[in-house]
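Visitor:
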Amino acid sequence: MSKRWYRLALLFGFAVIGLGWAGSPVFAQVKNYTPGEYPAPRIPEYKALTVEDLMPTARTLVRKPAERQPLEPGYGIKPGERVLIMVSSAFDNRVLDAIVRAIAEAGGTADVMKTYTPPRPTSSANHGHTEARLPGERGGFGGGSNDIRRDLVALGKYDLLLNGSGGPVPNTQFGWEYIPWDTADKFLYSQAGFPYELQRAMDLKSWELLGEARKIHATDPEGVDITWNFLPQFIGMMREEFPGYDIVLAGHLGSFPEFLSPPEAKANGVIAGTINHTGTFPRIVLTVQDNAIVKIDGGGQYGERWKKRLEICKDVQYPGFPGKGCGWFEEAAVGSDVWRVRELAIADHSGAASWERGRSGVIHWGLGVSRNSMYLPAVRQWEEKNQPEITGHQHVHTYFTTMDFTMADGKVQRIIDKGHLTLLDDPEIRKIAAKYGNPDEMLTEKWIPAVPGINVPGDYLTDYAPDPYKVIAAQQAERKKKIQVTAGVEKGTDEAGSNMQAGVR
65 MSKRWYRLAL LFGFAVIGLG WAGSPVFAQV KNYTPGEYPA PRIPEYKALT VEDLMPTART
125 LVRKPAERQP LEPGYGIKPG ERVLIMVSSA FDNRVLDAIV RAIAEAGGTA DVMKTYTPPR
185 PTSSANHGHT EARLPGERGG FGGGSNDIRR DLVALGKYDL LLNGSGGPVP NTQFGWEYIP
245 WDTADKFLYS QAGFPYELQR AMDLKSWELL GEARKIHATD PEGVDITWNF LPQFIGMMRE
305 EFPGYDIVLA GHLGSFPEFL SPPEAKANGV IAGTINHTGT FPRIVLTVQD NAIVKIDGGG
365 QYGERWKKRL EICKDVQYPG FPGKGCGWFE EAAVGSDVWR VRELAIADHS GAASWERGRS
425 GVIHWGLGVS RNSMYLPAVR QWEEKNQPEI TGHQHVHTYF TTMDFTMADG KVQRIIDKGH
485 LTLLDDPEIR KIAAKYGNPD EMLTEKWIPA VPGINVPGDY LTDYAPDPYK VIAAQQAERK
545 KKIQVTAGVE KGTDEAGSNM QAGVR
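Going by the working numbering, the sequence shown opens with residue 65, and the numbers climb by one from there.
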């Protein structure tokens with residue numbers, strides 16, 4: 065795409081945003097509700113949890129190999145190892161107690177350091193727009209620099225640091241693994257207790273399939289319809305971006321070259337949805353041409369802020385991207401955590417929605433200019449020298465996607481079917497699962513969201529898309545109410561108390 069055409073396309077796209085819902089043809093792509101067409105909602109039964117309930121998960125976790133995989137942590141504890149656990153002051157003590165005990169059982173010792181974290185601001189409306197930060201706005205929850213962590217590890221002569229929850233694991237001389245389970249329900253319903261052999265087999269098979277793919281097509285009832293090429297060299301490019309990994313970001317299958325946007329991919333189509341890492345927003349529709357965003361429809365404040373970001377960066381040439389600007393398609397990551405469940409606090413706090421992106425078959429789409437700069441000195445030097453106003457990328461999550469790989473031999477293989485990762489039905493995977501339990505239970509998603517007009521009655525465009533927060537907040541409030549009742553019954557009282565014992569703070 066020429067620079068002139070790219071700028072004209074941006075101007076045209078932004079000009080038509082004001083046409084509204086009814087006038088935009090992309091909204092007609094949403095399917096009408098048909099009973100049984102998509103998987104029915106599913107949610108596990110929550111109960112009052114104790115440290116003893118969490119111990120089987122903790123024992124599995126500490127024995128998994130430590131591979132610096134951000135979405136699939138393992139601690140690989142060996143006798144005599146010293147571990148520093150560094151978490152926020154809001155971290156659930158039951159999870160910490162279980163992990164510390166499991167480390168001790170494996171022959172290691174652990175010290176816990178809780179750093180003060182101000183309470184996260186509560187929300188009562190869509191807050192996904194905060195992900196699209198503008199110049200001068202800060203993100204994240206602090207926690208100190210990596211230098212401070214390195215000093216603490218050196219001072220205490222620790223072998224392993226457990227800290228953090230997102231993005232690539234920092235490049236350090238000492239062991240560093242993430243500890244993302246800040247509530248008991250997240251710890252219990254996640255990959256943490258999933259058998260490593262089974263997890264590894266799924267990752268290897270999905271990575272092998274990706275390497276054989278040549279074209280990828282994805283659709284979703286929220287309006288996604290996009291196609292791109294996947295060339296043999298893309299696997300090597302991802303390994304250069306993330307050196308040291310045989311599988312780049314396990315549990316986060318990069319069906320589009322992660323943090324890259326090679327022009328040969330020629331991504332064209334539409335990405336649409338209502339949720340990102342920070343929360344919900346009115347339905348947004350992104351039109352992509354030759355990897356670049358050329359049009360934004362809807363999205364409320366999220367859409368408006370995203371447009372401002374694109375305007376600010378339109379003349380900046382970021383390293384490694386096909387042209388100027390910061391609206392490049394660079395991520396279509398497929399989760400593989402079968403047991404992951406929506407965080408109970410998703411409607412309460414900004415950032416709570418990021419957890420669910422890892423569930424098997426869920427895709428989080430990333431568009432922007434993120435690079436793995438901690439491993440790429442040239443990129444890091446460019447960032448330090450130029451201090452760009454706009455960095456990173458923004459997301460859209462989709463939950464009922466169908467994704468097809470056209471393989472090198474021309475055959476089409478369905479990788480995701482209406483949000484279900486088809487690898488879970490593979491005979492070899494089920495055979496391994498049978499070693500650890502009933503494959504039907506081991507390989508069945510514990511959570512499927514309820515979305516009006518898709519898998520529950522309603523009209524998607526009128527009952528959900530304009531205000532997804534309203535729907536999700538009501539659903540989560542009902543679940544919390546049930547937890548209170550359950551906890552009260554288990555305690556033999558009429559009331560559950562303020563803790564609710566299921567990981568809700």
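Where a beta carbon is used, it is the ideal one built from N, C-alpha and C, also for glycine.
Let's test the definition: count the other Cβ atoms within 10 Å of the Cβ of R369 and tell me whether it reaches 16, buried, or not, exposed.
Guide: As a first step, residue 369 is located in the sequence shown; it is residue number 305 there, counting from the start. So R369 counts as buried.
Visitor: In chain order, what residues of the same chain lie with their CB nearer than 6 Å to the CB of I163, ignoring the 5 residues before and after it?
Guide: Here residue 163 is taken as the residue at index 99 of the sequence shown, counted from 1. The residues are A122.
Visitor: Determine, using beta-carbon pairs with one atom in the stretch 499-517 and one in the stretch 103-112, whether at least three such pairs fall under 8 Å.
Guide: Touching, per the Cβ criterion.
Visitor: I need the DSSP call for I360, collapsed to helix, strand or coil.
Guide: Position 296 of the sequence shown holds residue 360. I360: strand per DSSP, three-state reduction.
Visitor: Does the count of Cβ pairs from the stretch 265-273 and the stretch 446-455 closer than 8 Å reach three?
Guide: Output reads no: the stretch 446-455 does not touch the stretch 265-273.
Visitor: Exposed or buried, P441, counting other C-beta atoms within 10 Å across all chains shown (16 or more means buried)?
Guide: Counting from one through the sequence shown, the residue named residue 441 turns up at place 377. Classification for P441: exposed.
Visitor: CB V288 to CB A336, shorter than 8 Å?
Guide: The residue labelled residue 288 in the question sits at position 224 within the sequence shown. The residue labelled residue 336 in the question sits at position 272 within the sequence shown. Yes. Within cutoff.
Visitor: Using three-state DSSP, classify N332 as helix, strand or coil.
Guide: Against the sequence shown, residue 332 aligns to sequence position 268. Strand, per DSSP.
Visitor: Leaving out five residues before and five after V352 in sequence, what residues of the same chain have Cβ atoms less than 8 Å from its Cβ?
Guide: Here the question's residue 352 lines up with position 288 in the sequence shown. The residues are I290, A331, N332, G333, V334, I335, V358, F393 and L431.
Visitor: What number of angstroms, rounded off, separates the C-alpha of G21 from the C-alpha of M438?
Guide: The first residue shown for the chain is 65 and the last is 569, placing residue 21 beyond what the model contains.
Visitor: Report back the beta-carbon spacing between Y253 and R404 to the nearest angstrom; my notes put them in contact at under 8 Å.
Guide: Numbered from 1 along the sequence shown, position 189 holds the residue referred to as residue 253. Numbered from 1 along the sequence shown, position 340 holds the residue referred to as residue 404. That belief holds up - the Cβ atoms of Y253 and R404 are roughly 6 Å apart, short of 8 Å.
Visitor: Using only the alpha-carbon positions, how far apart do H428 and T173 sit?
Guide: Within the sequence shown, the letter at position 364 stands for residue 428. Within the sequence shown, the letter at position 109 stands for residue 173. Cα-Cα distance, rounded: 37 Å.
Visitor: Less than 6 Å between C-beta atoms, sequence neighbours within five positions excluded: which residues of the same chain meet that for L485?
Guide: The residue you call residue 485 lines up with position 421 of the sequence shown. Contacts found: S424 and G425.
Visitor: For K279, write down the residues that DSSP places opposite it in a beta bridge.
Guide: Here residue 279 corresponds to residue number 215 of the sequence shown, with the count starting at 1. Answer is N293 and T470, bridged to K279.
Visitor: From which residue to which residue does the beta strand (DSSP E) around A350 run?
Guide: Translated into the one-based positions of the sequence shown, residue 350 becomes position 286. Per the sequence presented here, residue 350 reads as Leu, with Ala not at that position. Looking at the DSSP string, the run of the beta strand (DSSP E) that includes L350 is T344 to Q353.
Visitor: Taking all protein chains shown into account, do 16 or more other C-beta atoms lie within 10 angstroms of the C-beta of I212, making it buried, or fewer, making it exposed?
Guide: Sequence index remark: in the sequence shown, residue 212 carries index 148 (1-based). It counts as exposed.
Visitor: Ignoring anything shorter than 4 residues or poking outside the stretch 115-201, list the alpha helix (DSSP H) runs there in chain order.
Guide: You should have 115-127 and 157-169.
Visitor: What does a CB cutoff of less than 8 Å around M301 pick up in its chain, not counting 5 residues either side in sequence?
Guide: Here residue 301 refers to the residue found at position 237 when the sequence shown is read from its first residue. Cβ within range, chain order: P321, L324 and P326.
Visitor: Find out if the Cβ-Cβ distance for the pair L487, I496 is shorter than 8 Å.
Guide: Start at 1 with the first residue of the sequence shown, and residue 487 comes out as number 423. Start at 1 with the first residue of the sequence shown, and residue 496 comes out as number 432. No, they are not a contact pair.
Visitor: Short check: CB of P532 to CB of T342, under 8 Å?
Guide: Residue mapping note: residue 532 aligns to position 468 of the sequence shown, counting from 1. Residue mapping note: residue 342 aligns to position 278 of the sequence shown, counting from 1. Going by C-beta atoms, P532 is not nearer than 8 Å to T342.
Visitor: Kindly indicate which residue of Y382, H459 and I454 has the alpha-carbon position closest to the one of E420.
Guide: Counting from 1 along the sequence shown, the entry for residue 420 is found at position 356. Looking at the Cα atoms, H459 is the closest of the given residues.
Visitor: Please say whether G231 and D175 have beta carbons closer to each other than 8 Å?
Guide: The residue given as residue 175 occupies position 111 in the sequence shown. The residue given as residue 231 occupies position 167 in the sequence shown. It is not a contact, given that the beta carbons lie outside the stated cut-off.
Visitor: Is P516 helix, strand or coil by DSSP?
Guide: As a working mapping, residue 516 is identified with position 452 in the sequence shown. P516 falls in the strand class under three-state DSSP.
Visitor: Could you have a look at I107 and say whether DSSP puts it in helix, strand or coil?
Guide: Counting from one through the sequence shown, the residue named residue 107 turns up at place 43. Of the three classes helix, strand and coil, the one that applies to I107 here is coil, per DSSP.
Visitor: Taking D504 as part of the beta strand (DSSP E), name the residues at either end of that continuous run.
Guide: Working through the sequence shown from its first residue, we reach residue 504 at position 440. It is not in any beta strand (DSSP E) - D504 instead sits in the alpha helix (DSSP H) that spans P503 to M506.
Visitor: Do you know how far the Cα of W292 is from the Cα of F298?
Guide: Here residue 298 is taken as the residue at index 234 of the sequence shown, counted from 1. Here residue 292 is taken as the residue at index 228 of the sequence shown, counted from 1. Roughly 12 Å separates the two Cα atoms.
Visitor: Thinking C-beta only, is F294 closer than 8 Å to R278?
Guide: For the purposes of this step, residue 278 is identified with residue 214 of the sequence shown, where counting begins at 1. For the purposes of this step, residue 294 is identified with residue 230 of the sequence shown, where counting begins at 1. Yes, these two residues count as a Cβ contact at 8 Å.
Visitor: Using the rule of at least 16 other Cβ atoms within 10 Å of the residue's Cβ for burial, across every protein chain shown, is A472 buried or exposed?
Guide: What you label residue 472 is simply residue 408 of the sequence shown in a count that begins at 1. So A472 ends up on the exposed side.
Visitor: Taking just the CA atoms, how far does T470 sit from I280?
Guide: On the sequence shown, residue 280 is found 216 positions in, with the first residue counted as 1. On the sequence shown, residue 470 is found 406 positions in, with the first residue counted as 1. C-alpha separation (whole angstroms): 6 Å.
Visitor: Let me make sure I understand the geometry here. Which of S414, Y309 and Y528 has the alpha-carbon closest to that of T186?
Guide: Looking up residue 186 in the sequence shown gives position 122. Comparing Cα positions, the closest option is S414.
Visitor: Determine the extent of the alpha helix (DSSP H) in which F258 is found, giving its start and end residues.
Guide: Here residue 258 corresponds to residue number 194 of the sequence shown, with the count starting at 1. Segment: none, F258 is in no alpha helix (DSSP H) and carries neither H nor E.
Visitor: Do A130 and G239 have their C-beta atoms within less than 8 Å of each other?
Guide: Locating residue 130 in the sequence shown gives position 66, counting from the first residue. Locating residue 239 in the sequence shown gives position 175, counting from the first residue. It is a contact, given that the beta carbons lie within the stated cut-off.
Visitor: When the Cα of F385 is compared with those of G364, V443 and I376, which residue comes out closest?
Guide: Working through the sequence shown from its first residue, we reach residue 385 at position 321. For the residues G364, V443 and I376, the minimum Cα distance to F385 belongs to V443.
Visitor: Spell out whether any CB of chain C is found under 8 Å from the CB atom of Y309.
Guide: In summary, chain C is missing from the structure at hand, where a single protein chain is found.
Visitor: Kindly indicate which three-state DSSP category D481 falls into: helix, strand or coil?
Guide: Along the sequence shown, one-based indexing puts residue 481 at 417. Of the three classes helix, strand and coil, the one that applies to D481 here is strand, per DSSP.
Visitor: My output table needs one value for Q458: the three-state DSSP class, helix, strand or coil.
Guide: Position 394 of the sequence shown holds residue 458. The answer is strand: DSSP assigns Q458 an E or B state.
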